[in-house]
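A.B. asks:
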Amino acid sequence: MKSKKAKGKKGLTVIGIIPVRYGSTRLPAKALAMIQNKPMIQHVYERCLKSKLLDEILVATDDKRIYNTVIKFGGNAVITSKNHKSGSDRVGEAVKNIICDIVVNIQGDEPLIDPRNIDKAIVPLLNYRNINISTLCIKIKEKKEITNPNIVKVVKDINNNALYFSRSVIPFNRDGDKVEYYKHIGLYVYRRKYLLNLAKPKPSKLEIAEKLEQLRILENGNKIHVVEVKKDSFSVDTLSDLKKVRNLIIK
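Numbering (my numbering), first residue to last: 330 to 580.
1. In whole angstroms, give me the CA-to-CA distance for K522 and L356.
2. Please classify G337: does DSSP put it in a helix, a strand, or coil?
3. When burial is assigned at 16 or more other CB atoms within 10 Å of the CB, is D504 buried or exposed?
4. Return the bridge partner residues of P290 from the DSSP annotation.
5. Look up L453 in the DSSP assignment and say whether it is helix, strand or coil.
6. CB-CB under 6 Å to A362, same chain, minus the five flanking residues each way: which ones, in chain order?
7. Could you give the distance in angstroms between the alpha-carbon of K379 and the alpha-carbon of I400?
8. On the CB-based measure, 16 or more other CB atoms within 10 Å of its CB, does G345 come out buried or exposed?
9. Locate the beta strand (DSSP E) running through C466, then write down its first and last residues.
10. Please list, in chain order, all residues of the same chain as T407 whose beta carbon is under 8 Å from its beta carbon, the five residues on each side excluded.
11. Buried or exposed: where does I428 fall if 16 or more other Cβ atoms within 10 Å of its Cβ makes it buried?
12. So for R376, helix, strand or coil by DSSP?
13. From the DSSP output, read off the bridge partner residues of G345.
14. Write down every uninterrupted run of the alpha helix (DSSP H) in the stretch 467 to 544 whose length is 4 residues or greater and which is fully enclosed by it, in chain order.
15. Does the beta-carbon of M330 have 16 or more other beta-carbons within 10 angstroms, so that it is buried, or is it exposed?
16. If you measure between the beta carbons of R350 and R419, is that distance less than 9 Å?
17. Using only CA atoms, which one of D438, N426, N576 lies nearest to L525?
18. For E548, which three-state DSSP category applies?
19. From which residue to which residue does the beta strand (DSSP E) around E557 run?
Below, the structure written as C-alpha cells:
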C-alpha cells in the first residue's frame, strides 16, 4: 500500500506525517495494538489514504518495531529521535529533508479519524496565504466532557482563530448563561517553513503547565486557525479506550 501520487492542489504539495512513539505512558506500544487483525497504526494510515488532498503519507517513529510494521503493510516510515517532547517536534525532524509546501500532523492513536476532517483542515492553507497553521474542533454535546481534563477545550475569536486551549473548563460560565463549548481535535496543518521555525523556541510555560504543545504557538504571539467539523475523532489513550474502539470498528 503505497502513498498517493502528488496531485499538486493549487500548485502546493501536501504531506501527511503520523508521529508515533513506542513508549506511551498510559498504554505502551499502543500503535501496535491489534484491532480487527490490523495494528492501530495501519488503521490510521489507511484512513489517511482516503484523503483527497494528501499527496504523500509518512509515519515518523522512534522505534524499529513500529517502523518494520509500517513497512510490512506497505506504508512509508522513517526513524526519528527518541528525545522529542512533542509530536510537532518529531514531525519537524521528519520533514527537514523533504521538499513540500504543507505538512499535516496526524495523530497516530486515532484509528477512526475521518479523512474528510483531514481535508477540511488543509483547505484554509490552500486558500489563504496568511494562515500558517490550522487545527480542528467540534461542538461538545455531553456535559461530562466539559469538566474532563482529558478533553482539551478551545475558545476562538470571530475570525475562527484560537484564543486559548485548556484542560480546564473554558469559558467559565459564571452566571449559568447558555454557552457553547468546543473540543479540540489534535490534528495540525502547517506550512513547512513555519513548522521548521516552530521547533526553535523552547517549550513555553503554558505548554509545560497544561501539557499542550499548541500553547507554544499562542504564547509566542502566533495564530492558529480553527475549523469546526461535525464528526469527532476518538483518541486511544487507555486500555478501556482500546476496547471501545475495537467495538466501534466492528460495528
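Ideal placement from N, C-alpha and C gives every residue a C-beta, glycine not left out.
Please read all numbers here as calculations on a predicted model, not as lab measurements.
C.D. replies: So, to answer that:
1. The residue labelled residue 522 in the question sits at position 193 within the sequence shown. The residue labelled residue 356 in the question sits at position 27 within the sequence shown. L356 has its alpha-carbon roughly 33 Å from the corresponding atom of K522.
2. Position 8 of the sequence shown, counted from the first residue, corresponds to residue 337. Only weak support exists for where G337 lies, its pLDDT of 49 falling under 50; the coordinates are left without a value.
3. In the sequence shown, the residue the question calls residue 504 occupies position 175. So D504 counts as exposed.
4. For residue 290 there is no data in the structure shown, the boundaries of the chain being 330 and 580.
5. The sequence position of residue 453 within the sequence shown is 124, counting from 1. Per the sequence shown, residue 453 should be read as Pro rather than Leu. DSSP places P453 in helix when its eight states are reduced to three.
6. Translated into the one-based positions of the sequence shown, residue 362 becomes position 33. Only M369, L571 meet the Cβ criterion.
7. Taking the sequence shown and counting its residues from 1, the one referred to as residue 379 is at position 50. Taking the sequence shown and counting its residues from 1, the one referred to as residue 400 is at position 71. Roughly 19 Å separates the two Cα atoms.
8. Within the sequence shown, the letter at position 16 stands for residue 345. Looking at its Cβ environment, which holds 16 or more other Cβ atoms inside 10 Å, G345 is buried.
9. To locate residue 466, count along the sequence shown from 1; it is residue 137. Unbroken beta strand (DSSP E) run through C466: 462 to 468.
10. By one-based count along the sequence shown, residue 407 stands at place 78. Residue identity check: residue 407 is Val in the sequence provided, not Thr. Excluding the 5 residues flanking it on each side, V407 has same chain C-beta neighbours closer than 8 Å at L387, V388, A389, T390, Y396, A423, in chain order.
11. Here residue 428 refers to the residue found at position 99 of the sequence shown. I428 should be labelled exposed.
12. Looking up residue 376 in the sequence shown gives position 47. R376: helix per DSSP, three-state reduction.
13. Along the sequence shown, one-based indexing puts residue 345 at 16. Bridge partners of G345: I386, V433.
14. Within the stretch 467 to 544, the complete alpha helix (DSSP H) runs of at least 4 residues are 472 to 475, 521 to 527, 534 to 539.
15. Within the sequence shown, numbered from 1, the residue matching residue 330 stands at position 1. Note that M330 scores a pLDDT of 38, beneath 50, so its modelled location is shaky; the value from the coordinates is reported in the next line. It counts as exposed.
16. Walking along the sequence shown from the start, residue 350 turns up at place 21. Walking along the sequence shown from the start, residue 419 turns up at place 90. Contact flag set, yes.
17. Your numbering for residue 525 matches position 196 in the sequence shown. Ranked by how close their Cα comes to the Cα of L525, the residues D438, N426, N576 have N426 in first place.
18. Start at 1 with the first residue of the sequence shown, and residue 548 comes out as number 219. DSSP places E548 in helix when its eight states are reduced to three.
19. By 1-based counting over the sequence shown, the position of residue 557 is 228. E557: member of the beta strand (DSSP E) spanning 554 to 557, first to last residue.
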